[in-house]
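My numbering puts the sequence shown at residues 86 to 468. To start, the structure under review is shown below, and the notes come after it.
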Amino acid sequence: MSVTAALGFLACGVRAGLKESGEPDLALVVNRGPVRAAAGVFTSNRVQAAPVRWSRRTLDSGRVSAVVLNSGGANACTGPGGADDTRLMAERTALALEIDPDEVAVCSTGLIGVRLPMDRVTAGITAAADRLSARGGEDAAVAIKTTDSVHKTAVAAGDGWTVGGMAKGAGMLAPGLATMLVVLTTDAVADAAVLDSALREAVRTTFDRVDSDGCMSTNDTVLLLASGSSGATPGRAVLSAAVHAVCQDLAGQLIADAEGASKEIEVSVVGAASEADAVEVGRSVARNNLLKCALHGEDPNWGRVLSAIGTTSAVFDPDRLDVAINGVWVCRDGAAGESRDKVDLTGRHITVVVDLRSGDASAAIRTNDLTAEYVHENSAYSS
(Lines of atoms letter the chains of each structure in order from A; the text may use other names.)
(Lines give C-alpha, C1' and ligand atoms only; values in the text may rest on other atoms or scores of the structure.)
Protein backbone atom coordinates (compact mmCIF):
# COMPACT_ATOMS: atom_id res chain seq x y z
CA MET A 86 0.00 0.00 0.00
CA SER A 87 2.98 2.29 -0.42
CA VAL A 88 2.75 5.54 1.57
CA THR A 89 -0.51 4.42 3.19
CA ALA A 90 0.99 1.27 4.67
CA ALA A 91 1.74 3.38 7.74
CA LEU A 92 -1.28 4.23 9.89
CA GLY A 93 -2.56 7.80 9.87
CA PHE A 94 -2.01 8.49 6.17
CA LEU A 95 -4.45 8.94 3.31
CA ALA A 96 -3.55 9.27 -0.36
CA CYS A 97 -4.93 9.22 -3.88
CA GLY A 98 -3.98 9.75 -7.50
CA VAL A 99 -6.21 11.36 -10.13
CA ARG A 100 -6.29 12.47 -13.76
CA ALA A 101 -6.10 16.25 -13.83
CA GLY A 102 -5.40 16.54 -17.56
CA LEU A 103 -1.76 17.61 -17.25
CA LYS A 104 -0.41 14.77 -19.40
CA GLU A 105 -1.25 14.48 -23.09
CA SER A 106 -1.57 10.73 -22.55
CA GLY A 107 -4.49 11.21 -20.19
CA GLU A 108 -2.79 9.09 -17.55
CA PRO A 109 -3.03 9.96 -13.81
CA ASP A 110 -0.93 13.03 -13.05
CA LEU A 111 -1.80 14.49 -9.65
CA ALA A 112 -1.47 12.94 -6.18
CA LEU A 113 -2.14 13.87 -2.58
CA VAL A 114 -0.61 12.38 0.56
CA VAL A 115 -2.18 13.52 3.82
CA ASN A 116 -0.94 13.02 7.38
CA ARG A 117 -3.87 12.78 9.81
CA GLY A 118 -1.63 12.77 12.88
CA PRO A 119 -1.66 13.05 15.80
CA VAL A 120 2.01 13.82 15.04
CA ARG A 121 2.83 15.82 11.91
CA ALA A 122 6.62 15.87 12.06
CA ALA A 123 8.57 15.95 8.81
CA ALA A 124 12.02 16.18 7.25
CA GLY A 125 13.21 16.64 3.71
CA VAL A 126 16.25 16.46 1.45
CA PHE A 127 16.39 18.30 -1.86
CA THR A 128 18.46 18.64 -5.02
CA SER A 129 21.87 20.30 -4.71
CA ASN A 130 21.45 21.76 -8.20
CA ARG A 131 21.77 25.55 -8.00
CA VAL A 132 18.88 25.83 -10.47
CA GLN A 133 15.91 24.80 -8.37
CA ALA A 134 12.24 24.53 -9.28
CA ALA A 135 9.66 26.70 -7.54
CA PRO A 136 8.16 23.70 -5.67
CA VAL A 137 11.60 22.86 -4.23
CA ARG A 138 12.02 26.41 -2.95
CA TRP A 139 8.54 26.34 -1.42
CA SER A 140 8.97 22.95 0.23
CA ARG A 141 12.38 23.92 1.66
CA ARG A 142 10.71 26.80 3.48
CA THR A 143 7.84 24.57 4.60
CA LEU A 144 10.28 22.08 6.12
CA ASP A 145 11.89 24.83 8.20
CA SER A 146 9.05 24.36 10.69
CA GLY A 147 9.55 20.58 10.83
CA ARG A 148 5.81 20.13 10.31
CA VAL A 149 3.97 18.91 7.18
CA SER A 150 0.31 17.92 7.07
CA ALA A 151 0.02 17.19 3.35
CA VAL A 152 2.00 16.81 0.14
CA VAL A 153 0.58 17.67 -3.27
CA LEU A 154 2.47 16.23 -6.23
CA ASN A 155 2.03 16.52 -9.97
CA SER A 156 3.62 14.98 -13.02
CA GLY A 157 3.21 16.46 -16.48
CA GLY A 158 5.18 19.62 -15.68
CA ALA A 159 8.20 20.48 -13.52
CA ASN A 160 7.31 24.14 -12.82
CA ALA A 161 11.05 24.83 -13.01
CA CYS A 162 12.63 27.92 -14.60
CA THR A 163 9.18 29.53 -14.78
CA GLY A 164 9.97 32.83 -13.07
CA PRO A 165 7.75 34.67 -10.56
CA GLY A 166 4.65 33.16 -12.17
CA GLY A 167 5.86 29.67 -11.34
CA ALA A 168 6.35 30.67 -7.71
CA ASP A 169 2.79 32.00 -7.67
CA ASP A 170 1.54 28.73 -9.14
CA THR A 171 3.31 26.75 -6.41
CA ARG A 172 1.77 28.91 -3.72
CA LEU A 173 -1.65 28.44 -5.30
CA MET A 174 -1.20 24.66 -5.26
CA ALA A 175 -0.44 24.79 -1.55
CA GLU A 176 -3.33 27.16 -0.83
CA ARG A 177 -5.88 25.09 -2.78
CA THR A 178 -4.71 21.94 -1.03
CA ALA A 179 -4.94 23.66 2.33
CA LEU A 180 -8.43 24.96 1.55
CA ALA A 181 -9.67 21.53 0.52
CA LEU A 182 -8.21 19.89 3.62
CA GLU A 183 -8.84 22.74 6.07
CA ILE A 184 -5.20 23.09 7.05
CA ASP A 185 -2.54 25.80 6.94
CA PRO A 186 -0.90 26.37 3.50
CA ASP A 187 2.47 26.56 5.25
CA GLU A 188 2.03 22.89 6.20
CA VAL A 189 1.69 21.76 2.57
CA ALA A 190 4.74 20.57 0.67
CA VAL A 191 4.62 20.80 -3.13
CA CYS A 192 6.39 18.51 -5.62
CA SER A 193 6.34 18.71 -9.42
CA THR A 194 8.00 16.72 -12.20
CA GLY A 195 8.03 16.88 -15.97
CA LEU A 196 9.14 19.35 -18.64
CA ILE A 197 11.27 22.30 -17.50
CA GLY A 198 10.44 25.86 -18.53
CA VAL A 199 6.69 25.50 -19.06
CA ARG A 200 3.97 26.91 -16.80
CA LEU A 201 1.39 24.49 -15.44
CA PRO A 202 -2.27 24.81 -16.55
CA MET A 203 -3.45 25.96 -13.14
CA ASP A 204 -7.16 25.64 -13.87
CA ARG A 205 -6.63 21.91 -14.36
CA VAL A 206 -4.26 21.64 -11.41
CA THR A 207 -6.65 23.30 -8.96
CA ALA A 208 -9.59 21.25 -10.22
CA GLY A 209 -7.48 18.14 -9.81
CA ILE A 210 -6.60 19.06 -6.23
CA THR A 211 -10.28 19.48 -5.38
CA ALA A 212 -11.12 16.13 -6.96
CA ALA A 213 -8.22 14.42 -5.19
CA ALA A 214 -9.24 15.74 -1.79
CA ASP A 215 -12.62 14.03 -2.24
CA ARG A 216 -11.02 10.67 -3.07
CA LEU A 217 -8.48 10.32 -0.28
CA SER A 218 -8.27 6.80 1.09
CA ALA A 219 -6.16 4.68 3.37
CA ARG A 220 -5.80 2.39 0.35
CA GLY A 221 -4.82 5.13 -2.08
CA GLY A 222 -1.05 4.76 -1.90
CA GLU A 223 -0.67 2.75 -5.09
CA ASP A 224 -2.77 5.22 -7.08
CA ALA A 225 -0.63 8.07 -5.78
CA ALA A 226 2.54 6.26 -6.87
CA VAL A 227 1.11 5.78 -10.37
CA ALA A 228 0.14 9.45 -10.67
CA ILE A 229 3.70 10.76 -10.18
CA LYS A 230 5.25 8.69 -13.01
CA THR A 231 6.83 10.45 -16.00
CA THR A 232 9.03 8.22 -18.19
CA ASP A 233 8.81 5.49 -15.54
CA SER A 234 7.62 2.18 -16.97
CA VAL A 235 6.39 1.04 -13.56
CA HIS A 236 5.40 2.72 -10.32
CA LYS A 237 7.68 2.23 -7.34
CA THR A 238 6.71 1.46 -3.75
CA ALA A 239 8.33 -0.15 -0.71
CA VAL A 240 7.45 -1.02 2.90
CA ALA A 241 9.45 -2.02 6.00
CA ALA A 242 7.69 -3.32 9.11
CA GLY A 243 8.88 -2.57 12.62
CA ASP A 244 7.61 -3.88 15.96
CA GLY A 245 4.12 -2.42 15.87
CA TRP A 246 5.03 0.37 13.44
CA THR A 247 5.74 0.73 9.72
CA VAL A 248 7.70 2.77 7.20
CA GLY A 249 6.22 3.03 3.69
CA GLY A 250 7.25 4.92 0.60
CA MET A 251 6.77 5.72 -3.06
CA ALA A 252 9.18 7.08 -5.66
CA LYS A 253 9.34 8.17 -9.27
CA GLY A 254 12.38 8.44 -11.48
CA ALA A 255 13.82 6.79 -14.57
CA GLY A 256 16.23 9.35 -16.06
CA MET A 257 18.48 12.21 -14.94
CA LEU A 258 19.58 9.97 -12.09
CA ALA A 259 22.72 11.45 -10.54
CA PRO A 260 24.17 12.53 -7.19
CA GLY A 261 22.45 15.36 -5.37
CA LEU A 262 19.53 12.92 -5.59
CA ALA A 263 18.09 12.32 -9.02
CA THR A 264 15.09 13.35 -11.07
CA MET A 265 13.14 11.77 -8.31
CA LEU A 266 10.20 12.53 -6.12
CA VAL A 267 10.05 10.37 -3.02
CA VAL A 268 7.55 10.44 -0.16
CA LEU A 269 8.24 8.25 2.86
CA THR A 270 5.82 7.80 5.75
CA THR A 271 5.93 6.24 9.19
CA ASP A 272 3.36 5.79 11.94
CA ALA A 273 6.12 5.75 14.55
CA VAL A 274 6.31 8.55 17.09
CA ALA A 275 9.29 10.71 16.15
CA ASP A 276 10.10 14.40 16.07
CA ALA A 277 11.51 16.37 13.16
CA ALA A 278 15.10 16.15 14.41
CA VAL A 279 14.98 12.35 14.60
CA LEU A 280 13.41 12.14 11.14
CA ASP A 281 15.99 14.51 9.68
CA SER A 282 18.88 12.46 11.02
CA ALA A 283 17.41 9.17 9.80
CA LEU A 284 16.56 10.56 6.37
CA ARG A 285 19.90 12.24 5.68
CA GLU A 286 21.89 9.16 6.63
CA ALA A 287 19.65 6.92 4.52
CA VAL A 288 19.77 9.20 1.48
CA ARG A 289 23.55 9.54 1.71
CA THR A 290 24.12 5.86 1.01
CA THR A 291 21.09 5.07 -1.19
CA PHE A 292 19.54 7.72 -3.44
CA ASP A 293 22.71 9.79 -3.45
CA ARG A 294 24.64 6.81 -4.81
CA VAL A 295 22.38 6.20 -7.76
CA ASP A 296 24.12 7.53 -10.87
CA SER A 297 22.42 6.50 -14.09
CA ASP A 298 23.51 9.18 -16.53
CA GLY A 299 25.38 11.86 -14.58
CA CYS A 300 22.61 14.43 -15.08
CA MET A 301 21.21 16.26 -12.04
CA SER A 302 17.60 17.43 -11.92
CA THR A 303 16.08 20.70 -10.69
CA ASN A 304 13.18 19.11 -8.80
CA ASP A 305 14.62 16.32 -6.61
CA THR A 306 12.71 15.96 -3.36
CA VAL A 307 12.69 13.26 -0.69
CA LEU A 308 10.27 13.75 2.20
CA LEU A 309 9.78 11.72 5.38
CA LEU A 310 6.56 12.25 7.37
CA ALA A 311 5.61 10.81 10.76
CA SER A 312 2.03 10.47 12.00
CA GLY A 313 2.65 8.83 15.39
CA SER A 314 -0.54 6.83 14.86
CA SER A 315 0.97 3.55 16.04
CA GLY A 316 1.84 5.00 19.44
CA ALA A 317 5.20 3.23 19.25
CA THR A 318 8.47 5.08 19.75
CA PRO A 319 11.29 3.01 18.26
CA GLY A 320 14.91 3.75 19.07
CA ARG A 321 16.76 6.02 16.67
CA ALA A 322 18.92 3.23 15.30
CA VAL A 323 15.94 0.95 14.67
CA LEU A 324 13.92 3.66 12.94
CA SER A 325 16.95 4.70 10.88
CA ALA A 326 17.47 1.11 9.75
CA ALA A 327 13.86 0.85 8.55
CA VAL A 328 14.06 4.18 6.70
CA HIS A 329 17.32 3.04 5.10
CA ALA A 330 15.74 -0.26 4.03
CA VAL A 331 12.87 1.50 2.26
CA CYS A 332 15.24 3.98 0.58
CA GLN A 333 17.55 1.18 -0.53
CA ASP A 334 14.63 -0.74 -2.01
CA LEU A 335 13.33 2.31 -3.88
CA ALA A 336 16.82 3.28 -5.11
CA GLY A 337 17.21 -0.20 -6.58
CA GLN A 338 13.87 0.16 -8.33
CA LEU A 339 14.98 3.47 -9.84
CA ILE A 340 18.06 1.90 -11.45
CA ALA A 341 16.08 -1.15 -12.56
CA ASP A 342 13.73 1.19 -14.44
CA ALA A 343 16.41 3.54 -15.82
CA GLU A 344 15.57 4.78 -19.31
CA GLY A 345 16.59 2.27 -21.96
CA ALA A 346 18.71 0.19 -19.59
CA SER A 347 19.42 -3.46 -20.35
CA LYS A 348 22.02 -3.93 -17.57
CA GLU A 349 21.99 -2.97 -13.89
CA ILE A 350 25.55 -2.32 -12.75
CA GLU A 351 26.92 -2.03 -9.22
CA VAL A 352 30.37 -0.51 -8.92
CA SER A 353 31.88 -1.46 -5.55
CA VAL A 354 35.10 0.25 -4.51
CA VAL A 355 37.06 -1.38 -1.69
CA GLY A 356 40.47 -0.83 -0.16
CA ALA A 357 40.11 2.95 -0.33
CA ALA A 358 41.96 5.37 1.92
CA SER A 359 38.65 7.09 2.77
CA GLU A 360 34.96 6.79 2.03
CA ALA A 361 35.21 10.00 0.00
CA ASP A 362 37.88 8.37 -2.20
CA ALA A 363 35.72 5.28 -2.65
CA VAL A 364 32.71 7.37 -3.67
CA GLU A 365 34.77 9.50 -6.08
CA VAL A 366 36.22 6.46 -7.81
CA GLY A 367 32.86 4.71 -7.92
CA ARG A 368 31.21 7.74 -9.51
CA SER A 369 33.99 8.10 -12.09
CA VAL A 370 33.68 4.46 -13.15
CA ALA A 371 29.86 4.61 -13.15
CA ARG A 372 29.87 7.70 -15.37
CA ASN A 373 32.34 6.38 -17.94
CA ASN A 374 30.29 6.21 -21.12
CA LEU A 375 32.86 4.02 -22.87
CA LEU A 376 32.58 1.44 -20.10
CA LYS A 377 28.78 1.68 -20.07
CA CYS A 378 28.73 1.03 -23.82
CA ALA A 379 31.18 -1.87 -23.45
CA LEU A 380 29.08 -3.54 -20.78
CA HIS A 381 25.99 -3.06 -22.93
CA GLY A 382 27.86 -4.97 -25.64
CA GLU A 383 28.87 -7.59 -23.02
CA ASP A 384 32.55 -6.70 -23.35
CA PRO A 385 34.45 -6.87 -20.00
CA ASN A 386 36.78 -4.02 -20.99
CA TRP A 387 38.63 -3.47 -17.71
CA GLY A 388 40.97 -0.94 -19.31
CA ARG A 389 38.10 1.54 -19.32
CA VAL A 390 37.72 1.02 -15.58
CA LEU A 391 41.36 1.87 -14.96
CA SER A 392 41.21 4.94 -17.18
CA ALA A 393 38.21 6.20 -15.16
CA ILE A 394 40.04 5.60 -11.86
CA GLY A 395 42.97 7.61 -13.16
CA THR A 396 40.88 10.79 -13.53
CA THR A 397 40.21 10.98 -9.78
CA SER A 398 42.13 12.51 -6.89
CA ALA A 399 41.84 9.31 -4.83
CA VAL A 400 44.88 7.76 -3.15
CA PHE A 401 46.14 4.73 -5.13
CA ASP A 402 49.17 3.26 -6.84
CA PRO A 403 48.40 2.57 -10.54
CA ASP A 404 50.56 -0.56 -10.36
CA ARG A 405 48.52 -2.02 -7.47
CA LEU A 406 44.98 -1.70 -8.85
CA ASP A 407 42.77 -4.81 -9.03
CA VAL A 408 39.47 -5.05 -10.91
CA ALA A 409 36.89 -7.84 -10.99
CA ILE A 410 33.91 -8.01 -13.33
CA ASN A 411 31.18 -10.45 -12.32
CA GLY A 412 33.58 -12.17 -9.97
CA VAL A 413 36.48 -12.59 -12.40
CA TRP A 414 39.65 -10.65 -11.50
CA VAL A 415 40.42 -9.46 -15.01
CA CYS A 416 42.99 -6.95 -13.76
CA ARG A 417 45.70 -7.59 -11.18
CA ASP A 418 48.40 -5.11 -10.16
CA GLY A 419 47.30 -2.65 -12.83
CA ALA A 420 47.73 -5.19 -15.64
CA ALA A 421 45.93 -8.15 -17.21
CA GLY A 422 44.70 -10.75 -14.75
CA GLU A 423 42.39 -13.69 -15.41
CA SER A 424 41.16 -14.21 -18.97
CA ARG A 425 38.34 -11.92 -20.04
CA ASP A 426 36.75 -14.95 -21.68
CA LYS A 427 35.78 -16.20 -18.21
CA VAL A 428 33.43 -13.23 -17.66
CA ASP A 429 29.75 -13.95 -18.31
CA LEU A 430 27.86 -10.72 -19.04
CA THR A 431 24.77 -12.25 -20.60
CA GLY A 432 22.59 -11.56 -17.56
CA ARG A 433 21.04 -8.25 -16.55
CA HIS A 434 23.04 -7.77 -13.36
CA ILE A 435 26.73 -6.84 -13.48
CA THR A 436 29.15 -6.23 -10.62
CA VAL A 437 32.38 -4.29 -10.99
CA VAL A 438 34.73 -4.43 -8.00
CA VAL A 439 37.66 -2.02 -7.78
CA ASP A 440 40.28 -2.68 -5.10
CA LEU A 441 42.46 0.40 -4.58
CA ARG A 442 44.60 -1.43 -2.01
CA SER A 443 45.13 1.82 -0.12
CA GLY A 444 43.00 1.45 3.03
CA ASP A 445 39.87 -0.04 4.59
CA ALA A 446 37.09 2.24 3.29
CA SER A 447 34.49 1.23 0.72
CA ALA A 448 31.41 2.47 -1.15
CA ALA A 449 29.06 1.28 -3.87
CA ILE A 450 27.52 3.24 -6.75
CA ARG A 451 24.58 1.95 -8.79
CA THR A 452 24.39 2.66 -12.51
CA ASN A 453 23.28 1.07 -15.79
CA ASP A 454 24.48 0.58 -19.35
CA LEU A 455 24.20 3.11 -22.17
CA THR A 456 21.89 1.94 -24.92
CA ALA A 457 20.40 3.11 -28.20
CA GLU A 458 17.05 3.05 -26.44
CA TYR A 459 18.30 5.65 -23.94
CA VAL A 460 19.35 7.93 -26.80
CA HIS A 461 15.97 7.47 -28.49
CA GLU A 462 14.05 8.12 -25.26
CA ASN A 463 15.85 11.39 -24.69
CA SER A 464 15.71 12.58 -28.29
CA ALA A 465 12.06 11.75 -28.88
CA TYR A 466 10.77 12.99 -25.51
CA SER A 467 11.37 16.47 -24.11
CA SER A 468 12.48 15.90 -20.54
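Think of the CB as a built atom: it goes at the ideal place given N, C-alpha and C, for glycine as much as any other residue. The structure displayed is predicted, hence computed values, not measured ones.
Within 7 Å, strictly: CB atoms of residue i and residue j
{"i": "V240", "j": "G254", "result": "no"}
{"i": "G158", "j": "L201", "result": "yes"}
{"i": "E365", "j": "N453", "result": "no"}
{"i": "T318", "j": "V279", "result": "no"}
{"i": "I229", "j": "L266", "result": "yes"}
{"i": "V307", "j": "V437", "result": "no"}
{"i": "S302", "j": "D272", "result": "no"}
{"i": "A208", "j": "V189", "result": "no"}
{"i": "A393", "j": "C332", "result": "no"}
{"i": "L309", "j": "A124", "result": "yes"}
{"i": "S140", "j": "R121", "result": "no"}
{"i": "V370", "j": "A448", "result": "no"}
{"i": "S325", "j": "A283", "result": "yes"}
{"i": "V88", "j": "T290", "result": "no"}
{"i": "V115", "j": "L217", "result": "yes"}
{"i": "L455", "j": "N374", "result": "yes"}
{"i": "D298", "j": "T128", "result": "no"}
{"i": "D342", "j": "S234", "result": "yes"}
{"i": "T238", "j": "A91", "result": "no"}
{"i": "I184", "j": "C162", "result": "no"}
Neighbour-count burial assignment, residue i, 16 or more Cβ in a 10 Å radius
{"i": "P403", "result": "exposed"}
{"i": "E344", "result": "buried"}
{"i": "H329", "result": "buried"}
{"i": "D215", "result": "exposed"}
{"i": "H381", "result": "buried"}
{"i": "V439", "result": "buried"}
{"i": "D276", "result": "exposed"}
{"i": "N155", "result": "buried"}
{"i": "T232", "result": "buried"}
{"i": "A101", "result": "buried"}
{"i": "R368", "result": "buried"}
{"i": "R451", "result": "buried"}
{"i": "G164", "result": "exposed"}
{"i": "A457", "result": "exposed"}
{"i": "V400", "result": "exposed"}
{"i": "S106", "result": "exposed"}
{"i": "V295", "result": "buried"}
{"i": "H236", "result": "buried"}
{"i": "S314", "result": "buried"}
{"i": "G195", "result": "buried"}
{"i": "D445", "result": "exposed"}
{"i": "A357", "result": "buried"}
{"i": "P119", "result": "exposed"}
{"i": "V227", "result": "buried"}
{"i": "T396", "result": "exposed"}
{"i": "R142", "result": "exposed"}
{"i": "R177", "result": "buried"}
{"i": "D426", "result": "exposed"}
{"i": "V428", "result": "buried"}
8 Å contact criterion, which residue i and residue j should meet: CB distance rounded
{"i": "P136", "j": "N160", "result": "6 Å"}
{"i": "G243", "j": "V323", "result": "7 Å"}
{"i": "A213", "j": "L111", "result": "6 Å"}
{"i": "V199", "j": "V153", "result": "No, V199 and V153 are not in contact; Cβ-Cβ is about 18 Å, not under 8 Å."}
{"i": "V408", "j": "V390", "result": "5 Å"}
{"i": "M203", "j": "L182", "result": "M203 to L182, Cβ: 18 Å. No contact."}
{"i": "P385", "j": "D224", "result": "P385 to D224, Cβ: 43 Å. No contact."}
{"i": "L406", "j": "C416", "result": "7 Å"}
Near the ligand PLP: residue i beta-carbon under 6 Å from a heavy atom
{"i": "S193", "result": "Inclusion of the ligand PLP in the displayed structure is not the case, the ligand content being empty and no account of it being possible."}
Let me know the beta strand (DSSP E) ranges lying completely inside the region 405-430, each 3 residues or longer, listed in chain order.
Counting whole runs of 3 or more residues, the region 405-430 contains the beta strand (DSSP E) stretches 407-410 and 413-417.
Taking one C-beta from the region 127-136 and one from the region 88-99 each time, how about it: are there three or more such pairs within less than 8 Å?
Touching, no.
Hey, which unbroken runs of the beta strand (DSSP E) at 3 residues or more fall wholly within the region 242-321?
Those beta strand (DSSP E) runs which fall completely within the region 242-321 and span 3+ residues are 247-253, 266-271 and 306-311.
Any contact between the region 417-425 and the region 330-343? By contact I mean 3 or more CB pairs, one from each, below 8 Å.
no
May I have a chain-ordered list of the beta strand (DSSP E) segments no shorter than 3 residues that lie completely inside the region 112-152?
122-127
Considering only residues of the region 184-226, which uninterrupted alpha helix (DSSP H) runs meet the minimum length of 4 residues and lie entirely inside it, listed in chain order?
203-214
In chain order, what are the residue ranges of uninterrupted alpha helix (DSSP H) at least 4 long that sit wholly in the region 321-393?
321-341, 360-371 and 374-381
Contiguous alpha helix (DSSP H) assignments of at least 4 residues, all confined to the region 432-466
457-465
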